[in-house]
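Colleague:
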Amino acid sequence: MRVPRGVPSIDGGRPLPDVTEASPELLAVGGTMTVERLLEAYGKGIFPWSVNPVTWWSPDPRAIFDLKTVHIPRRLRSLVKSHPYRVSFDEAFEQVMHACADVPRAQEETWITPGFLAAYAELHRAGYAHSIELWRGNELVAGVYGVAIGGLFAGESMFHRETNASKLALILLQERLIQSGYVLFDTQMVTEVTEMLGAHEIPRKKYMERLQEALHVSAKWPSSKGGLEV
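Written as structure tokens, this is what we have:
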């Protein structure tokens, strides 16, 4: 992508800039997506959105789910109550990412390039990137992946191979995040699907305040073991 002139470079190990009220949405360019850099970024309310070069973003406003109650549309309530899927967590993280990369999009290319796949797989191995999966038998039919730090879950992407399966995955994920002590579910931007399920925008200043609170919360990622309350 073409980067506007004047965007600062973070090559050479320079830190990402802090997000202020006057900050542009595109904050910096360059560097590499190491585990340490990605943790720095999410802890500052920033995420990468392209490779070659890496670009670092902080949208204003920012979209979130409120992890107090889960909004379930009337037409999905019976599916949530009695669905045909096995639900798991972190059983197929890289499969979920690859499936998300293959989702047809309005733009010509997905941002989930091989560089992203490698970087987030490493983040997963370090214990910070996670997924929820829905299975019909041995077939993976839907999933969501993202980054968890403290009481923050930053959703990155989702996919489905059966009608409404990704919506169900988002609903079940929200329920389990609440049970596990998470307080902030960042969705970056509102889409038609996330808005249907209760996502809404807040000013970036308010998001940064909530992020700082979330980073001081101790939450534990849900496990597939021990029985699922979903």
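Numbering (our numbering), first residue to last: 1043 to 1272.
Every residue, glycine too, gets a C-beta built ideally from N, C-alpha and C.
Computed from a prediction, not measured in an experiment: that's the story for all the values here.
(1) Indicate the three-state DSSP secondary structure (helix, strand or coil) for residue 1197 in the structure shown.
(2) What is the rounded straight-line gap between the Cα of residue 1051 and the Cα of residue 1058?
(3) Return yes when the Cβ of residue 1081 is within less than 8 Å of the Cβ of residue 1191, no when it is not.
(4) What is the residue span of the beta strand (DSSP E) that residue 1113 lies within?
(5) Tell me the residue span of the beta strand (DSSP E) that contains residue 1178.
(6) With three or more C-beta pairs closer than 8 Å as the rule, is the segment 1175-1183 touching the segment 1235-1245?
(7) Can you give me the start and stop residues for the beta strand (DSSP E) that residue 1242 sits inside?
(8) Which residues mark the beginning and the end of the beta strand (DSSP E) in which residue 1181 is found?
(9) Taking the CB atoms as reference points, tell me whether residue 1246 and residue 1103 lie closer together than 8 Å.
(10) Can you give the Cα-Cα distance for residue 1085 and residue 1079, rounded to whole angstroms?
Modeller: On the basis of the data shown:
(1) Here residue 1197 sits in strand by DSSP.
(2) Using only the alpha carbons, I get a separation of about 9 Å.
(3) yes
(4) Careful: residue 1113 lies outside any beta strand (DSSP E) and carries neither H nor E.
(5) Per DSSP, the continuous beta strand (DSSP E) segment holding residue 1178 begins and ends at 1171-1178.
(6) no
(7) 1242-1244
(8) 1181-1191
(9) yes
(10) Roughly 10 Å separates the two Cα atoms.
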